[in-house]
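Novice:
2 protein chains.
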Amino acid sequence: MELQLVSEGRRAGYAARRLAEFAERCRKGGLAVTPQRLAIIRALLASAEHPRADAIYAQVRKEHPHISLATVHRTLETLCEIGEARKVTMLHDSARYDGNVMPHHHVVCVKCRRIRDIEIPELERILDGRSELGEFTLLGSSLEIHAVCDRCNSRRVRGRGKRSRG
Amino acid sequence: MELQLVSEGRRAGYAARRLAEFAERCRKGGLAVTPQRLAIIRALLASAEHPRADAIYAQVRKEHPHISLATVHRTLETLCEIGEARKVTMLHDSARYDGNVMPHHHVVCVKCRRIRDIEIPELERILDGRSELGEFTLLGSSLEIHAVCDRCNSRRVRGRGKRSRG
DNA sequence: TATTGGATGATAATAATTATCATCTGAGCG
DNA sequence: CGCTCAGATGATAATTATTATCATCCAATA
Ligand SMILES: [Mn+2]
Ligand SMILES: [Mn+2]
Ligand SMILES: [Zn+2]
Ligand SMILES: [Zn+2]
């Protein structure tokens, strides 16, 4: 099973390309290209850390000492909405507990956050014979499948069925 | 690629078995078997919803109207520590942003929450030719590999290297 | 350059979780 | 069975992350 860390070189190249096209894509999407937005996407693309809002805030403040933390939150959210960024997990807003401690995976409705268990026997084998990956000692894994549930699909037009913050 | 929802029947059977052995495992682990703990694990195992603390609280209050929400939080945390429960994701405490919007996956250090990108070409094929799963319309997926990073491994004995709440 | 709708900064509000501490109780022991 | 006490709980304050509000600002367009 091939499985490898994305090298810093490839990451940086990708990031540079994305940044170059950012302003253009913003304008096409009807978004104003503000210095704050540029600074935030630049900070995000410059990092391999998958940063929190507060880390982006700290970075951006070096050049825009007056920027508001609220702007950082809002902008990161906007970037996700227009597809310029994503969140590592969509289940970050509150802890979801599971009494099933066997290895298994989850389907998550992107609208209402309903979660159901799934089994993917092949997946358990993904880490087989692999205990190291770069600087990481591997322990286990969990797949989050994104989906829309029936309920949310039917009530699609009206904006209901969601309780999350993000 | 086989991939299927865990049926309610199987889930319930598993839950019943776990519940039956719960008190015994608690005692072995040196944990007191309190009515609150029993009510909380019972509520968790009775649900297929992967509930939040507040949902467990609402359920448990039906039988223990005086229970404290703090106890529910504490107990769920304890259950995770002793391996009687888990969290659906360990990245629930704050949003982690990613400027890489290509399909890819992540290794996460369970101690310091450092995250790095990984690629698993085979994984992109997991949903291939599959657009439905039970009541869910599938969109995409993201694998969270749990690991310990080098930094945390070396400073293992002393209790440093963590900033998360959960 | 004047207009203006969306963007921002300051700050209040909300929501989830954790900390604190006085009180209580499950479990081992006689 | 009642005694003891480390650990558990309830009440509540504190903290942290995020969102809401609103007056002001400014990027984009004409
Ligand atoms: Mn599950
Ligand atoms: Mn990533
Ligand atoms: Zn849904
Ligand atoms: Zn680490």
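Which chain is which? The protein sequence lines are A and B, in order.
With the working numbering applied, the first sequence covers 1 to 166.
With the working numbering applied, the second sequence covers 1 to 166.
Just so you know, even glycine gets a beta-carbon here, dropped at the ideal spot from N, CA and C.
Keep in mind the model is a prediction, meaning the values are calculated, not measured.
#1: Considering only their Cβ atoms, is the gap separating T137 of chain B from V33 of chain A smaller than 8 Å?
#2: With distances taken between CB atoms, is the gap from K111 of chain B to C152 of chain B smaller than 8 Å?
#3: Does A147 of chain A have its Cβ less than 8 Å from a Cβ in chain B?
#4: Have a look at B:A48, B:A39, B:R125 and flag the residue whose alpha-carbon is nearest the alpha-carbon of L5 of chain B.
#5: For chain A, check one thing: does any of its Cβ atoms lie closer than 8 Å to the Cβ of H64 of chain B?
#6: Quick one: measure Cβ to Cβ for A182 of chain A and L91 of chain A, integer angstroms, because I've assumed they're closer than 8 Å.
#7: At which residues does the beta strand (DSSP E) containing E119 of chain A begin and terminate?
#8: Scan the stretch 73-138 of chain B and note each continuous alpha helix (DSSP H) run of 4 residues or more that stays entirely inside, going in chain order.
#9: Looking at the structure shown, is S142 of chain B part of a helix, part of a strand, or coil, going by DSSP?
#10: What residues of chain B sit near L38 of chain A, judged by a beta carbon separation below 9 Å?
#11: Along chain B, which residues have their Cβ under 8 Å away from the Cβ of C109 of chain A?
#12: Please state the DSSP three-state secondary structure of V148 of chain A.
#13: For a cutoff of 8 Å on Cβ pairs, would you count Q4 of chain B as touching chain A?
#14: Is V148 of chain B near ligand 4, with its Cβ less than 7 Å from a heavy atom?
#15: Output the distance between the C-alpha atoms of H104 of chain B and S142 of chain B, rounded to the nearest integer angstrom.
#16: So does R114 of chain B have its beta carbon nearer than 7 Å to some heavy atom of ligand 4?
#17: Taking Cβ positions, are H146 of chain B and V88 of chain B nearer each other than 8 Å?
Specialist: Walking through what the data contain:
#1: It is not a contact, given that the beta carbons lie outside the stated cut-off.
#2: The Cβ-Cβ distance between K111 of chain B and C152 of chain B falls below 8 Å.
#3: At least one CB of chain B lies nearer than 8 Å to the CB of A147 of chain A.
#4: Minimum Cα distance to L5 of chain B is reached at B:A48.
#5: H64 of chain B does not count as touching chain A.
#6: The first residue shown for chain A is 1 and the last is 166, placing residue 182 of chain A beyond what the model contains.
#7: Taken as a continuous stretch (DSSP letters only), the beta strand (DSSP E) holding E119 of chain A covers 115-119.
#8: Complete alpha helix (DSSP H) runs here, min 4: 121-124.
#9: S142 of chain B: strand per DSSP, three-state reduction.
#10: Correct list: empty, because the minimum Cβ distance to chain B is about 13 Å.
#11: Those within 8 Å of C109 of chain A in chain B are F136.
#12: Strand at V148 of chain A.
#13: Chain A contact via Cβ: present.
#14: It does: the Cβ of V148 of chain B is within 7 Å (strictly closer) of some heavy atom of ligand 4.
#15: Using only the alpha carbons, I get a separation of about 7 Å.
#16: Result yes, Cβ under 7 Å from ligand 4.
#17: It is not a contact, given that the beta carbons lie outside the stated cut-off.
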